[in-house]
Amino acid sequence: MQISDKYNPQDTEQKWYNFWLENKFFHSEPDDRPAYTIVIPPPNVTGILHMGHMLNNTIQDVLVRRARMQGFNALWVPGTDHASIATEAKVVAKLKSEGINKSDITREEFLKHAWDWTHQYGGTILEQLKKLGCSCDWDRTRFTMEPKLSEQVVKSFVDLYNKGLIYRGYRMVNWDPEAKTNISDEEVIFKEQNGKLYFLKYQIEGSEEFLIVATTRPETIFGDVAICVNPNDERYTHLKGKKVIVPIVNRAIPIIEDDYVDIEFGTGALKITPAHDLNDYEIGQKHNLPMIDALDDDANLNEHGLHYAGKNRFEVRKLIAKELEEKNLLLKAEDYVNKVGTSERTGAVIEPKISQQWFLKMAEIAKPALDVVMNDEVKFHPEKFKNTYKHWMENIRDWNISRQLWWGQQIPAYYIASPNPSEGGEFPKELEGQFVVAENEEKARKLALEKFPILETIEGGFTLKQDEDALDTWFSSWLWPMSVFDGLLDSENKDINYYYPTADLVTGPDIIFFWVARMIMAGLEWRGEIPFKNVYFTGIVRDKQRRKMSKSLGNSPDPIELIDKYGADGVRVGILLSSAAGNDLLFDEDLMLQGRNFATKIWNAFRLTQGWNKENKPVGEAEKQTIEWFRNQLDKTILEIEEQFEKFRISDALHLIYKLIWDDFCSWYLETVKPNFGEAISQEVYDETMNFFGELMKLLHPFMPFLTEELWQNIAERKVTEALVVAQQRKAKGFEEKTITDFDFVKELISGVRNYRQSKGISPREAVEIFTNAERFENEAIVRKLANVSEIHFAGKTDKPSFTFLVGATEVSIPLSEHLDLAEEKKKTEEELAYLKGFLVSVEKKLSNEKFVTNAKPEIVENERKKQRDAQDKIALLEEKLKGL
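Read in order, the letters of the sequence shown are residues 1 to 885 in the UniProt record's numbering.
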């Protein structure tokens, strides 16, 4: 069989991916096999592949490919998230570049543009995942804004509203002035920023006295409604009941008292702007203060800002500081480092804003979702994230689910109104602001008539106007494990009953609250079942300086370029070799090189076997012993791999496979069974070797799917149904530990002989004889073949100067070649002896330290004692050797 000299990923990857797709190997339908299901954390439809996606999706692919090869009916559901804020921002920017403002077109026109944009750019990241080798069932690709998924989102809203869990109310929200929508607390990122602390002078009404108030945001004075001091602050006792004049605004506001104020901070006097600060809002509610909102949706000053109306908040901050200084109303301004809330989506500085929003009550549905994690019905890997989850769930707040956007599921609330409001006329006042919640307008009209019988009597009838807001994107993705199977449309359909609950979720700990917790709540709420059994938290991919990889820092490589350079298999192995669950991955391109080198090593090993001539001849003793050893080593490693997968130690499982192939198979097995130059290999040995090679490709396939399929198809002629992607992995049949330890002994012995040759510059072709205190070796034939030993003297001792080493308790001596410089050998031996004696002194000094022996861990003490014994044995050998030199 002809096989190229060098493995070229470009020649194989697209070929085999197309082969898998054409033969529907990734497609799943319910049958009588046990299901194994993963749903992809849906990437934003605006997104392109980055290193975090690479890590997350490689792990998912490893899990699903392995499950497929273990006899499960494996399904990996792909899809994308409509990403309300990000997508709307891109569409708005595109329209702007075409001279169109969002405010100048209708919602319907805008949505048409959004869908056009989505159809043009939305599939990019999924196509990139194919290049990585992801074995998703692409026939089942879902999108959170597609009709059936949107229908389920709306249905869930109506259901929760009817249960009394959704309500509408005025609250302080986090306003993103760039996206022009509110965002949740979890989407606010606090960043340290250098700013100023301004000390403003508020004149006491009817006096020449001033009250000094410190603020970082002087532009908000237009919303001031009170000054608050601590009732225990004696400095301000004389001001009780008085008022101050707001600088520039010249409005009198009261001085109030509340123990919320920290006497030690600033001047101990706090300006209260309930419309622009959450804490001020709480004080305002407590003291029945009015509210003045001085900022518009763009975070520009509105009409309350007087001569600053229309100017941006940060521009006003500089201008007003200057005006205050000119009017002698600014005492001083100090440098100040402040933690400022910014939008995770746009990076804009958040403005607290009072707004009427829709909320979901969380306390009731959070409790069962906390319980299933704490009692390990849903297992977290690593377990440390349970504490993070517990803290958040026990301190959960109601979820603000409305967004002031058009791209997203529109809130299914319909407000009752007059059909002709401009004409005036009688329209019952009790219907003002009334609404109904229903899945569509037809149902809403019917419900409105049932709820408000007076509507039947209104001349000219009534109209319904749907709420303008869209739902938070997470309100669609929290249904994802159910909605991808249309589980909220038909709770008994065959897919939801077969594939749900899913098996494993792979995600990042940064969305443990946004998504993981909410999916658990949703699963329990609508199906009474957990949505998944395991959650594997990946770490964050960082650069060598431990910085998170990002476009803005320019420290993130292009994943597609890496695949082109190292091959998808090389990149997959490289990224997984250092990605323990929950721990950050320090990206190093050398790891990709290591992955590519591994692929080359395997390719060359296969090429080696294809160059052998085969012959029907008896199996030699060395080959027989090696085959028996490797069969045991293979089964032992399979059991170890299974244990690592059970613990979700994917990286550790890969390390085991890596060692099994590179060290055990390539370095020892093939080296032992390969025929001597000019000779043929036994057909039986060759067949066993190809069988092992196939089993190794099965083990490796989830990690390196392309290379392994290419080699699998080269090992033998295969039917389509025998493709590696659907082959069954070997089940461990048990192993004999003694067979493995016996071979480990031989490996160490052979390495000792090779070290002798290397240190003395002796050719491997030059045979040596060895003396040993052992009665026999279990694998004597292997020693003779690989160490090129002409004679083994068991229970023997040589009188000649010799090179001596220990293998465990077994002493092995090789008489020194006659042409060696004995004087030089004596010198080297004396140097080594001196070093070992010094080393022994340091170890014994540590062991004679009672404090160390008492306080150190037992295993550490035992390790030092082992060092002591080994050094003593080696010293004895070297002293014996010196006697013969």
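The beta-carbon is built from N, C-alpha and C at its ideal position, and this holds for glycine as well.
As the structure is a prediction and not an experimental result, all values here were calculated from the model.
R754, enclosing alpha helix (DSSP H) - first and last residue: E737 to K760
Distance, L331 Cα to K201 Cα: 7 Å
Helix, strand or coil at M69 [DSSP, three-state]: helix
Contiguous beta strand (DSSP E) assignments of at least 3 residues, all confined to the segment 138–176: 166–176
Cβ shell of I166 (< 6 Å), same chain only, five flanking positions each side left out: L160 and L360
Terminal residues of the beta strand (DSSP E) in which A333 lies: L330 to S343
Length of the line joining the Cα atoms of P531 and M519: 7 Å
Beta-carbon contacts of H819 that lie in its chain and below 8 Å, excluding the five residues immediately before and after: Because H819 sits at a pLDDT of 47, beneath the cut-off of 50, its placement in the model cannot be relied upon, and the following sentence gives the value as read from the coordinates. Excluding residues within five positions, none has a Cβ falling inside 8 Å.
Nearest-angstrom Cα separation, counted from L197 out to D335: 6 Å
Start and end residues, beta strand (DSSP E) containing E811: T810 to P815
7 Å Cβ cutoff met for S402 and Q357: yes
Where the beta strand (DSSP E) containing E257 begins and where it ends: A252 to E257
Three-pair Cβ contact test at 8 Å for the segment 34–47 versus the segment 58–69: yes
Cβ-heavy atom distance, P815 to the ligand ATP, below 6 Å: The ligand ATP is absent from the structure shown, which contains no ligands of any kind.
Contact between the segment 181–192 and the segment 391–407 (3+ Cβ pairs under 8 Å): yes
The alpha helix (DSSP H) enclosing W115, as first and last residue numbers: R107 to Y121
Neighbourhood of M1 by C-beta, 8 Å cutoff - its chain only, sequence neighbours within 5 removed: Note that M1 has pLDDT 49, beneath the 50 cutoff, so the model's placement of it is unreliable and no number is given.
R757 versus D11: straight-line alpha-carbon distance, rounded: 42 Å
Assigned exposure category for L604 - 16 Cβ within 10 Å defines buried: Looking at the sequence itself, residue 604 is Asn, so the reference to Leu does not match. So N604 counts as exposed.
Run of the beta strand (DSSP E) containing H381, from where it starts to where it stops: K379 to H381
Top-ranked residue by Cα proximity to A269, from G79, I212 and K636: I212
CB of G223 within 7 Å of CB of H276, strictly: yes
Beta-carbon contacts of T346 that lie in its chain and below 8 Å, excluding the five residues immediately before and after: I85, A89, D176, E178 and A179
Run of the beta strand (DSSP E) containing Q356, from where it starts to where it stops: E351 to L360
Reduced DSSP secondary structure (H/G/I, E/B, other) of T220: helix
Boundaries (first-last residue) of the beta strand (DSSP E) holding G195: V188 to I204
Residue range of the alpha helix (DSSP H) that includes K322: R313 to E326
Distance, Y17 Cα to L696 Cα: 21 Å
DSSP-derived helix/strand/coil call for G79: strand
F557 versus D61 - alpha carbon distance: Phe is not the amino acid found at residue 557; the sequence shown has Pro there. Each residue's Cα considered, the two are about 21 Å apart.
Those residues which DSSP pairs with H391 across a bridge: According to DSSP, which records beta bridges pairwise, H391 is partnered with nothing at all.
Touching by the beta-carbon criterion (3+ pairs, under 8 Å), the segment 779–796 and the segment 610–630: yes
Per-residue burial, V246 [other beta carbons within 10 Å of its own, 16 or more giving buried]: buried
Inter-stretch contact (C-beta, 8 Å, three-pair minimum) for the segment 42–50 and the segment 499–514: no
Buried or exposed (CB count within 10 angstroms, at least 16 for buried), P453: exposed
Inter-residue CB distance, L576 and S477 (contact presumed, cutoff 8 Å): With 8 Å as the limit, L576 and S477 do not qualify as a contact, their Cβ atoms being about 26 Å apart.
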